[in-house]
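So the structure is just underneath, and the comments pick up after that.
Residue numbers (my numbering), protein chains in the order written: chain A, 1 to 234; chain Y, 1001 to 1246.
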């Protein structure tokens, strides 16, 4: 039997359709309840981490700057899956017990923070030096210039790549299953296991991830329009 | 007593001596033009006296207080900058702020002036440079001359005791240059104290009270504008004037 016919037989089986329809809300529920919050909360926290780490490097703060480089070096040099495992088995040894969801949020934030810090740093360094000098010349101090001039301009530049990370994160959350977080993908696996009908359900969850990311892409477009480009015509 | 005095200022970049012992004295109400060929150290001098570059050596006297340029404290720099204004060759308007915000930011943020008061002050100086009707434009929507006039308004808004201009018209075509020089001429008439690094001979001759001619990191000749242009003493000065006026 050729492959096309095989897929056709599986997908257009009456039972398959009923399974897909009945499991759709069950899978989506975990997407909305676990996957999206995990991604969005982690993304927000990681952006906060990134801004601090980027500012320390941009401002060449002694000691802290070295600590930041080491942080980025370690996080970027080890797999996310390994980091999750280290946290899952390591934190309880240190007496820190928390639920797996919180643990996943912490690991994702720290992980993404290292990457986004480099995005933010590059965006800050792309702001012309004259902007900083002009700020000094009207009497502003370093933090005032950061807040009013450098960070807003850098954030506009960093917005598309940061959103890229958010979209990446929505899919990476599936790794949280490795530390017992039942998120959208794990839920799908459970349903598939009960029905022994794996292939269509995995296609279904893929479609839901795609929908999530499509919505985010749309939000990114709107966000860029709202942020504007300070009158620069494209 | 001089408003501002610089003595024996030295600055080197990677072993390349850019300023080797320059002295400058500016009285209240003076318009001092600094002339000289490219690479003579004019811009570096101006950047050193507003601490955008750190001088290696030299004394700096401002409003009667004396500072060591190589060891001046951050707090002193901040105090002095509150009383000075700087206009850049490349304008350096805040790209993410409107014309009005560019002018008010130094007041609301650095000087904690209430927003309403700052806006009134800003519109006053914007009117002076003829840019009040552009209050809601972003810098990228303006011509170079317009941007430079806003930059002058931004520097003026803080009521500085001295204004520094670093080649303010070098990036502008003749028409826009005239626009900006017109504003500067008005300021000079009102008695604003200014140091102007420039290549505009006509402006220097007509507006400045004092001219300093620099070459290779030294002051070659200085004097009143009349004396400098009509009766230059140094060969180097005569050569420079001959070339730039032909």
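Just so you know, even glycine gets a beta-carbon here, dropped at the ideal spot from N, CA and C.
Residue 1086(Y) and residue 211(A) have their C-alpha atoms roughly 53 Å apart. Among the CB atoms of chain Y, none fall inside 8 Å of the CB of residue 160(A).
At a cut-off of 8 Å, the C-beta of residue 59(A) has no neighbouring C-beta in chain Y.
Excluding residues up to 5 positions away in sequence, 64, 65 and 68 lie with their Cβ nearer than 6 Å to the Cβ of residue 56(A) in the same chain. Only exposed fits residue 1127(Y), as fewer than 16 other CB atoms lie within 10 angstroms of its CB. Taking C-beta atoms under 8 Å as the contact rule, residue 113(A) and residue 49(A) qualify, at a distance of about 3 Å.
For residue 1020(Y), the secondary structure class from DSSP, reduced to helix, strand or coil, is strand. Exposure of residue 1013(Y) is indicated by the presence of fewer than 16 other C-beta atoms within 10 angstroms of its C-beta.
Between the alpha carbons of residue 1104(Y) and residue 1115(Y) lies a distance of about 8 Å.
By the 16-neighbour rule on beta-carbons within 10 angstroms, residue 76(A) is exposed. Residue state for residue 148(A) is assigned as helix, using DSSP reduced to three classes. DSSP, reduced to helix, strand and coil, places residue 1240(Y) within a helical segment of the structure shown.
Taking a cut-off of 8 Å for Cβ pairs, the stretch 165-184 of chain A and the stretch 143-156 of chain A do not touch, as fewer than three such pairs fall below it. Against chain A, the CB of residue 1078(Y) has a partner CB under 8 Å away; the residue lies at that interface.
In this structure, the CA atom of residue 15(A) is about 10 Å from the CA atom of residue 197(A). Taking the beta carbon of residue 140(A) as reference, the chain Y residues within 8 Å of it are 1105, 1106, 1109 and 1110, listed in sequence order. Identification of chain Y residues near residue 130(A) by a Cβ-Cβ cut-off of 7 Å yields 1088, 1090 and 1092, ordered along the chain. In this structure, residue 42(A) and residue 169(A) form a Cβ contact; the two beta carbons are roughly 6 Å apart against a cut-off of 8 Å. Contacts between residue 125(A) and chain Y, judged by CB atoms closer than 8 Å, are missing: the closest CB pair is about 15 Å apart.
Counting only runs of 4 or more residues that sit fully inside the stretch 56-128 of chain A, the alpha helix (DSSP H) segments are 64-76, 80-93 and 100-125, in chain order. For residue 1158(Y), the C-beta contacts it makes with chain A under 9 Å involve 138 and 139, in order along the chain. Annotated three-state conformation of residue 1172(Y) is coil, per DSSP.
Rounded to the nearest angstrom, the gap between the Cα atoms of residue 1083(Y) and residue 1161(Y) is 6 Å.
Between residue 1135(Y) and chain A, the shortest Cβ-Cβ separation is not below 8 Å. Among the residues of chain Y, those whose CB is under 8 Å from the CB of residue 231(A) are 1137, 1138, 1139, 1140 and 1141, following chain order. For residue 1187(Y), not one C-beta of chain A is nearer than 8 Å to its own C-beta. If you draw a straight line from the Cα of residue 192(A) to the Cα of residue 201(A), it comes to about 6 Å.
Residues of the stretch 1151-1175 of chain Y with a C-beta less than 9 Å from any C-beta of chain A: 1151, 1154, 1155, 1157, 1158 and 1164, listed in chain order. Under the three-state reduction of DSSP, residue 1061(Y) is assigned to strand. Shown here, residue 1190(Y) sits in coil according to DSSP, grouped into three states, outside any helix or strand.
For the stretch 1218-1242 of chain Y, the set of positions with a beta-carbon nearer than 8 Å to some beta-carbon of chain A is empty.
Your pair residue 1003(Y) and residue 1028(Y) checks out as a contact, with CB atoms roughly 5 Å apart and the cut at 8 Å.
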